[in-house]
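This report refers to the structure that appears directly beneath it.
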Ligand code: USQ
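Residue numbers (the numbering used here): 7 to 397.
Now the structure itself:
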């Protein structure tokens, strides 16, 4: 299959490219390296050292004898989007090229608007380019479980049957996101659904949970590493907790720590995306995957990281429930459904305990790089303080 990955240089884009190449697909990609730049702007860096993109592809040509066709550019520019879709004529496009940080989107008006614009417009560009150039292509778009928020009822996969004042219908499940970033994904989902209704575009809208991990089975040596962020803006919960334990900083569940989210390993994320690509939707179908393995509260994960670290390294780890910088429920009901991928043959490989040991091993070797980031680990982006043009 010909697969185009938008955002091929990212945490998920790079391992997905490796997996698809291993499985014999023809892979092309686009990126404007904005994540590399934005992470440096907050005085941070990927903890795992990653080569430049050209070095990455040179290494692949040498080790796998496979080429990745690469296009440098910004997918929120419609000319660029039309150019790459016309040039590649892909069977499937995986759209991972959106601003992915909730805290970044909450820094201030500039970052909120940038996130809103780049994310929703890149998806609009993709929808139009596919309709006009290759209407049979499948769009697999990365959304987030955070679109649903944390309602006090079960969360279905995209749609639910509702009875109201004696009448019944099947409707999209109400969305209630918790950051400007998460709202952009809701807007994308609405736009994807509408494009599918009008033009019959084949679409998979992936509601993915929080991904953790340093490796997949295709990352067989350190020079194949994907990026790994741990600062308060670009790092995510479990990855940050592991890094905090490894360099002796407190592990930081925010507030009461009862916030519960779906989590999955990087390995499982790549397996699910690959399955979604290899088993595309029917012509005219819009489908939603809730993509995660297990749900955990952040407090539970903090305790697990502490337990594994202390056992494996015979050193103390400390948990500190710091004041919550976000506006979110800290204790709540959470029961999302995740059946579709499993019914298509997905078997999660993730084993939290083993995965944590592996992450800690990798991070321990790069402890010096984490030490350098000590100042950017504690939370400073306060949701309520997000404000105007001076930021
Ligand atoms: N949290 C802590 N301590 C920390 C960091 C985070 O308690 O040191 C808490 C947050 O308050 C939140 C939860 O952990 O309740 C998840 O936060 P996160 O930073 O791990 O993830 P989030 O901001 O939700 O975003 C991440 C990715 C995003 C993806 C999303 C999936 O950055 O791209 O869409 O996870 S989900 O969370 O399911 O929406």
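Every residue, glycine too, gets a C-beta built ideally from N, C-alpha and C.
Let me know if residue 277 comes out buried or exposed under the rule of 16 or more other beta-carbons within 10 Å of its beta-carbon. On the chain shown, position 271 is the one that residue 277 refers to. By the 10 Å Cβ count, residue 277 comes out buried.
Compute the minimum distance between the beta carbon of residue 259 and the heavy atoms of ligand 1, and state whether it is under 7 Å. Position 253 of the chain shown, counting from 1, holds the residue named residue 259. Yes, the beta carbon of residue 259 sits closer than 7 Å to at least one heavy atom of ligand 1.
Beta carbon of residue 53 nearer than 8 Å to that of residue 283: Residue numbering aside, residue 53 sits at position 47 when the chain shown is read from its first letter. Residue numbering aside, residue 283 sits at position 277 when the chain shown is read from its first letter. No, Cβ-Cβ distance for residue 53 and residue 283 is not below 8 Å.
How big is the Cα-Cα spacing for residue 213 and residue 150? Taking the first residue of the chain shown as 1, we reach residue 213 at position 207. Taking the first residue of the chain shown as 1, we reach residue 150 at position 144. Those two C-alpha atoms are separated by around 4 Å.
Any idea which residues DSSP pairs residue 260 with across the strands? Residue 260 sits at position 254 when you count from the first residue of the chain shown. 328.
Quickly, what does DSSP pair residue 300 with across the bridge? List them, please. By 1-based counting over the chain shown, the position of residue 300 is 294. BP columns for residue 300 point to 269.
Paired residues, beta bridge with residue 118 - DSSP: In the chain shown, the residue the question calls residue 118 occupies position 112. Paired residues: none, contrary to the question.
Can we say the stretch 381 to 393 touches the stretch 98 to 116, given the rule of at least three CB pairs closer than 8 Å? yes
Any beta carbon of chain B sitting closer than 8 Å to that of residue 13? The structure shown has no chain B; it contains just one protein chain.
Give me, in chain order, the residues of the same chain whose beta-carbon lies closer than 6 Å to that of residue 160; leave out the 5 immediate sequence neighbours on both sides. The residue given as residue 160 occupies position 154 in the chain shown. 341.
Would you please state the rounded distance, in angstroms, between the beta carbons of residue 99 and residue 145? I believe it to be under 8 Å. Here residue 99 corresponds to residue number 93 of the chain shown, with the count starting at 1. Here residue 145 corresponds to residue number 139 of the chain shown, with the count starting at 1. Confirmed, Cβ separation roughly 5 Å.
Endpoints, beta strand (DSSP E) assigned at residue 32: As a position in the chain shown, residue 32 is number 26, starting the count at 1. Where residue 32 is concerned, the enclosing beta strand (DSSP E) stretches over 32 to 37.
Residue 336, enclosing beta strand (DSSP E) - first and last residue: The residue you call residue 336 lines up with position 330 of the chain shown. Segment: none, residue 336 is in no beta strand (DSSP E) and carries neither H nor E.
Is there contact here, the stretch 28 to 47 with the stretch 70 to 89, by at least three beta-carbon pairs under 8 Å? Flag = yes, the stretch 28 to 47 and the stretch 70 to 89 touch.
Could you give the residue range of the alpha helix (DSSP H) that holds residue 178? Within the chain shown, the letter at position 172 stands for residue 178. Counting along the chain, no alpha helix (DSSP H) covers residue 178; the unbroken beta strand (DSSP E) around it starts and ends at 173 to 178.
Taking the beta strand (DSSP E) that residue 15 belongs to, which residues open and close that run? Along the chain shown, one-based indexing puts residue 15 at 9. Segment: none, residue 15 is in no beta strand (DSSP E) and carries neither H nor E.
Residue 375: which of 234, 361 and 272 sits nearest, CA to CA? Stepping through the chain shown from its first residue, residue 375 is reached at position 369. Minimum Cα distance to residue 375 is reached at 234.
Distance, residue 88 Cα to residue 191 Cα: Taking the chain shown and counting its residues from 1, the one referred to as residue 191 is at position 185. Taking the chain shown and counting its residues from 1, the one referred to as residue 88 is at position 82. Their backbone Cα atoms lie some 22 Å apart in a straight line.
What residue ranges within the stretch 37 to 86 form continuous alpha helix (DSSP H) runs of no fewer than 4 residues, ordered along the chain? 40 to 47 and 59 to 70
Neighbour-count burial assignment, residue 43, 16 or more Cβ in a 10 Å radius: If you number the chain shown from 1, residue 43 lands on position 37. Residue burial annotation: residue 43 is exposed, with fewer than 16 other C-beta atoms found within 10 angstroms of its C-beta.
I think residue 59 touches residue 37, with their Cβ atoms under 8 Å apart; what is that distance to the nearest whole Å? In the chain shown, the residue the question calls residue 59 occupies position 53. In the chain shown, the residue the question calls residue 37 occupies position 31. About 7 Å; that satisfies the 8 Å criterion.
Taking only the alpha-carbon atoms, compute the straight-line gap between residue 242 and residue 258 and give it to the nearest angstrom. By 1-based counting over the chain shown, the position of residue 242 is 236. By 1-based counting over the chain shown, the position of residue 258 is 252. Rounded to the nearest angstrom, the two C-alpha atoms are 11 Å apart.
Could you check where the beta strand (DSSP E) with residue 216 kicks off and where it finishes? On the chain shown, residue 216 is found 210 positions in, with the first residue counted as 1. Element bounds for residue 216: 216 to 218.
Residue 158 burial status per 10 Å Cβ neighbour count (16 or more: buried): For the purposes of this step, residue 158 is taken as the residue at position 152 of the chain shown. So residue 158 counts as exposed.
Which residues in the same chain as residue 247 place their Cβ atom closer than 7 Å to its Cβ, once the five residues preceding and following it in sequence are excluded? Position 241 of the chain shown, counted from the start, is the residue given in the question as residue 247. Excluding positions up to five away in sequence, the list reads 257, 307, 308 and 311.
What does DSSP give as the partner residues of residue 146 in its beta bridges? As a position in the chain shown, residue 146 is number 140, starting the count at 1. 100 and 210.
Relative to the C-alpha of residue 215, which residue among 122, 82, 106 and 296 is closest? For the purposes of this step, residue 215 is taken as residue 209 along the chain shown, with counting starting at 1. Nearest C-alpha to residue 215: 296.
Residue nearest to residue 84 in terms of C-alpha spacing, selected from 61, 62 and 130: The sequence position of residue 84 within the chain shown is 78, counting from 1. Ranking 61, 62 and 130 by Cα distance to residue 84 puts 130 first.
Classify residue 295 as helix, strand or coil using the three-state DSSP reduction. Residue numbering aside, residue 295 sits at position 289 when the chain shown is read from its first letter. Of the three classes helix, strand and coil, the one that applies to residue 295 here is strand, per DSSP.
Contacts around residue 96, its chain only, beta-carbon distance under 8 Å, and the 5 residues preceding and following it disregarded: Here residue 96 refers to the residue found at position 90 when the chain shown is read from its first residue. Answer for residue 96: 8, 9, 10, 34, 140 and 143, listed in chain order.
Flag residue 239 as yes when its Cβ comes closer than 7 Å to any non-hydrogen atom of ligand 1, and as no otherwise. As a working mapping, residue 239 is identified with position 233 in the chain shown. No.
Indicate, with yes or no, if ligand 1 has a heavy atom lying under 7 Å from the CB of residue 122. Here residue 122 refers to the residue found at position 116 when the chain shown is read from its first residue. No, since every heavy atom of ligand 1 falls outside the 7 Å radius drawn around the Cβ of residue 122.
Cβ contact (3+ pairs, closer than 8 Å) linking the stretch 197 to 214 and the stretch 314 to 333: A contact is defined here as three or more CB-CB pairs under 8 Å, and the stretch 197 to 214 fails this definition with respect to the stretch 314 to 333.
What residues in its chain sit with their C-beta under 6 Å from that of residue 24, if we drop five residues either side in the sequence? To locate residue 24, count along the chain shown from 1; it is residue 18. Closer than 6 Å at the Cβ level, and outside the excluded window around residue 24, lie 224.
Using the Cα positions of residue 261 and residue 164, report the straight-line distance between them to the nearest angstrom. Within the chain shown, numbered from 1, the residue matching residue 261 stands at position 255. Within the chain shown, numbered from 1, the residue matching residue 164 stands at position 158. Going from the Cα of residue 261 to the Cα of residue 164 covers about 30 Å.
If you run the structure through DSSP and keep just helix, strand and coil, what is residue 247? Along the chain shown, one-based indexing puts residue 247 at 241. Helix at residue 247.
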